[in-house]
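If you want this note's numbering, it's the 1-based position in the sequence shown plus 3. One structure is given below, encoded as structure tokens.
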Amino acid sequence: MQVMSSTALPDAPSLVWHNSFAQLGEDFLTHLPPTPLAEVHWVSRNFTLLKDLGWPSEGLSSADALKAFSGCAIPEGAQPYASVYSGHQFGVWAGQLGDGRALSLGEVESTLGPQEIQLKGAGPTPYSRRGDGRAVLRSSIREYLCSEAMHGLGIPTTRALCLTGSPQTVYREEAETAAVVTRIAPSFVRFGHFEHFAALDQTETQRTLADHVMKEQLPECTRRAAAGEHHGNRYALLLQVVSERTAHMVAQWQAVGFCHGVMNTDNMSILGLTLDYGPFQFLDGFNPRHVCNHSDSQGRYAYHRQPQVAFWNLHCLAQALTPLIQDMELTKTVLESFKVDFAKALDHAMAGKLGLAHRELNDRLLQLMAREQVDYTLFWRRLSHAVAQGQADPLAPSWLAVRDLFLDRAAWSDWQQDYASEMQNLIQAQDLSWSEVGSQMLRHNPKYVLRNHLAEIAIRKAKSGDFSEVDVLLTLLQSPFDEHPEHDAYAQLPPDWASSIEISCSS
Numbered sequence: 004m005q006v007m008s009s010t011a012l013p014d015a016p017s018l019v020w021h022n023s024f025a026q027l028g029e030d031f032l033t034h035l036p037p038t039p040l041a042e043v044h045w046v047s048r049n050f051t052l053l054k055d056l057g058w059p060s061e062g063l064s065s066a067d068a069l070k071a072f073s074g075c076a077i078p079e080g081a082q083p084y085a086s087v088y089s090g091h092q093f094g095v096w097a098g099q100l101g102d103g104r105a106l107s108l109g110e111v112e113s114t115l116g117p118q119e120i121q122l123k124g125a126g127p128t129p130y131s132r133r134g135d136g137r138a139v140l141r142s143s144i145r146e147y148l149c150s151e152a153m154h155g156l157g158i159p160t161t162r163a164l165c166l167t168g169s170p171q172t173v174y175r176e177e178a179e180t181a182a183v184v185t186r187i188a189p190s191f192v193r194f195g196h197f198e199h200f201a202a203l204d205q206t207e208t209q210r211t212l213a214d215h216v217m218k219e220q221l222p223e224c225t226r227r228a229a230a231g232e233h234h235g236n237r238y239a240l241l242l243q244v245v246s247e248r249t250a251h252m253v254a255q256w257q258a259v260g261f262c263h264g265v266m267n268t269d270n271m272s273i274l275g276l277t278l279d280y281g282p283f284q285f286l287d288g289f290n291p292r293h294v295c296n297h298s299d300s301q302g303r304y305a306y307h308r309q310p311q312v313a314f315w316n317l318h319c320l321a322q323a324l325t326p327l328i329q330d331m332e333l334t335k336t337v338l339e340s341f342k343v344d345f346a347k348a349l350d351h352a353m354a355g356k357l358g359l360a361h362r363e364l365n366d367r368l369l370q371l372m373a374r375e376q377v378d379y380t381l382f383w384r385r386l387s388h389a390v391a392q393g394q395a396d397p398l399a400p401s402w403l404a405v406r407d408l409f410l411d412r413a414a415w416s417d418w419q420q421d422y423a424s425e426m427q428n429l430i431q432a433q434d435l436s437w438s439e440v441g442s443q444m445l446r447h448n449p450k451y452v453l454r455n456h457l458a459e460i461a462i463r464k465a466k467s468g469d470f471s472e473v474d475v476l477l478t479l480l481q482s483p484f485d486e487h488p489e490h491d492a493y494a495q496l497p498p499d500w501a502s503s504i505e506i507s508c509s510s
């Protein structure tokens, strides 16, 4: 094992390390240091997250911080480890997996509560499966930006504190340079952690993990059990809370037009966080059957299948938890609740986008958009502005801007008239104004999302040593509902070449 130095992060002497997961023992993880990269440098630093954590800005400005967050030194008090888990990949049992290119340093106290710090791309681990344990700059930029974009949209997600790079060569389809994303979450425990111990028939080890999760991250399970919910069965409530959080998360994905791309059970967070940004995409033209992952030849993880896949993954988790729950009927009841919870969450999210709750109007609209593959983000933003202008005149410039997105003007006109009528009923019933409703819609319909071509432009510049575009996007994506008029070009229709971009599981 390589011996590495420890370093205290300058100007952050109050960091308190908990390392509660690391203390669970060798059944759960392997302790090992990161493998240093050569000639590391900053690519981007997320000072907004640093402030959210309550850590001083100097904590991302020093040479020691650069070493610590690129895996070249171990922060004082950290206990680096890679955890083991298993999982289903593309619907097939894959057996033992684990942190193949990520090392957790431990949990650190913050104003957001204890947060686990993980270095993605920090070198090989016992779970690398003959891989090099590295991440390339290309995919690291995508994860760094998208995790913050999702947070800006209000969608539960892991976050990224900084991105470091190195000229060291990493081979994928071609030679690329290495990078490390420092990502942060309350926990990186996955469905696959529970599947792993269930597959080994290690019920008591699994119980230890479940008790740890409920104590450290999901104390509501114990509170709800004490109140008598599900007959006081804490493990059924663990499944219930995970199901509720997953339903909420996936509903928000659908509402914003986000495709995950690899919803394997080992990529599903037990906390209902968007996890592992490999191949992903925000829809340009609205196509419910869109498959963003070039490696997904069967279309398993197409946009419209994400709710179904989440339900399937929860079945896998339920099967793993069966020895702890010990009540099949109760388990089935919990699983069925996902369908209701997801439907409610999606209806709520779409009502926020539409300005009113009306499923029939919403369904008609989505069918019309799908027929013409209307740009998803641009449509909702223009609709919000049209309502916010305070009038229902279909020939007003703001409404014409929406109409111009459609070829079938007659179908759009029919829908717009029905929508205006329902909106007028709402406004009269609730003593509102068009502009008030439109202002609310603008807070639900972002102007900026991380479109593939925007990420690609940032990646191309970064490969030449210019990281400025990464920081520009970071700023926009952290406040995606704001206008940022000087950056209007980032909110326009994608160029023709955007449709040729292919993203896959390579990293």
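Where is the CB? At the ideal position from N, CA and C, for every residue including glycine. Quick caveat: nothing in here was measured; it's all calculated off a predicted structure.
{"Check": "Backbone CA spacing between G235 and T268 [nearest angstrom]", "Outcome": "27 Å"}
{"Check": "Contact the region 311-330 vs the region 284-298: 3+ CB pairs below 8 Å", "Outcome": "no"}
{"Check": "Q255 - containing alpha helix (DSSP H), residue span", "Outcome": "237-259"}
{"Check": "Burial state of T336 (16 or more Cβ within 10 Å)", "Outcome": "exposed"}
{"Check": "CA nearest to the CA of T38, picked from E179, P127, E146", "Outcome": "P127"}
{"Check": "Range of the contiguous alpha helix (DSSP H) that encloses A229", "Outcome": "223-229"}
{"Check": "Cβ neighbour criterion (16 or more within 10 Å) applied to L320", "Outcome": "buried"}
{"Check": "Where C75 falls: helix, strand or coil (DSSP)", "Outcome": "coil"}
{"Check": "N-terminal and C-terminal residue of the alpha helix (DSSP H) that I460 is part of", "Outcome": "455-466"}
{"Check": "Top-ranked residue by Cα proximity to V405, from L368, T249, T478, K464", "Outcome": "L368"}
{"Check": "Backbone CA spacing between V19 and Q205 [nearest angstrom]", "Outcome": "32 Å"}
{"Check": "Beta-carbon gap between L324 and L241 smaller than 8 Å", "Outcome": "yes"}
{"Check": "Helix, strand or coil at D299 according to DSSP, with G and I counted as helix", "Outcome": "coil"}
{"Check": "Meets three-Cβ-pair contact criterion under 8 Å: the region 211-220 and the region 22-39", "Outcome": "yes"}
{"Check": "Assigned secondary structure, W58 (DSSP; H/G/I helix, E/B strand, else coil)", "Outcome": "coil"}
{"Check": "Option nearest G275 by Cα separation, candidates H297, M331, M252, D378", "Outcome": "M252"}
{"Check": "Local conformation of A138 per DSSP, three classes", "Outcome": "strand"}
{"Check": "Cβ pair D344, E247 closer than 8 Å", "Outcome": "yes"}
{"Check": "In chain order, each beta strand (DSSP E) run of at least 3 residues that lies wholly inside the region 118-169", "Outcome": "118-123"}
{"Check": "For E179, the first and last residue of its enclosing beta strand (DSSP E)", "Outcome": "178-188"}
{"Check": "Buried or exposed (CB count within 10 angstroms, at least 16 for buried), D396", "Outcome": "exposed"}
{"Check": "Three-state secondary structure assigned by DSSP to D434", "Outcome": "coil"}
{"Check": "Same chain, Cβ closer than 6 Å to S438, five either side skipped, listed in chain order", "Outcome": "A391, G393"}
{"Check": "For D378: DSSP bridge partner residues", "Outcome": "G288"}
{"Check": "Where V452 sits in the DSSP three-state scheme", "Outcome": "coil"}
{"Check": "Close Cβ partners of S387 (< 7 Å) along its chain, the five nearest in sequence each way excluded", "Outcome": "G441, M444, L445, N448"}
{"Check": "Backbone CA spacing between Q5 and P36 [nearest angstrom]", "Outcome": "Reliability fails at Q5, whose pLDDT of 43 lies under 50, so the model's placement of it is uncertain and the value that follows must be treated cautiously. Each residue's alpha carbon lies about 7 Å from the other."}
{"Check": "Candidates K54, L212, A163, A66, of which the one nearest L32 by Cα", "Outcome": "L212"}
{"Check": "Three-state class that DSSP yields for R367 in the structure shown", "Outcome": "helix"}
{"Check": "Beta-carbon proximity check, L100 vs G28, cutoff 8 Å", "Outcome": "no"}
{"Check": "Cα-Cα separation, A348 to E112", "Outcome": "31 Å"}
{"Check": "Helix, strand or coil at R2 according to DSSP, with G and I counted as helix", "Outcome": "Outside the displayed span of the chain (4 to 510) sits residue 2, for which this structure offers no information."}
{"Check": "Coarse secondary structure for A97, derived from DSSP in three states", "Outcome": "strand"}
{"Check": "Classification of E332 by the beta-carbon crowding that lies within 10 angstroms, buried from 16 upward", "Outcome": "exposed"}
{"Check": "Three-state secondary structure assigned by DSSP to E532", "Outcome": "The chain is shown only over 4 to 510; residue 532 falls outside these bounds and no answer can be derived."}
{"Check": "G90, enclosing beta strand (DSSP E) - first and last residue", "Outcome": "89-92"}
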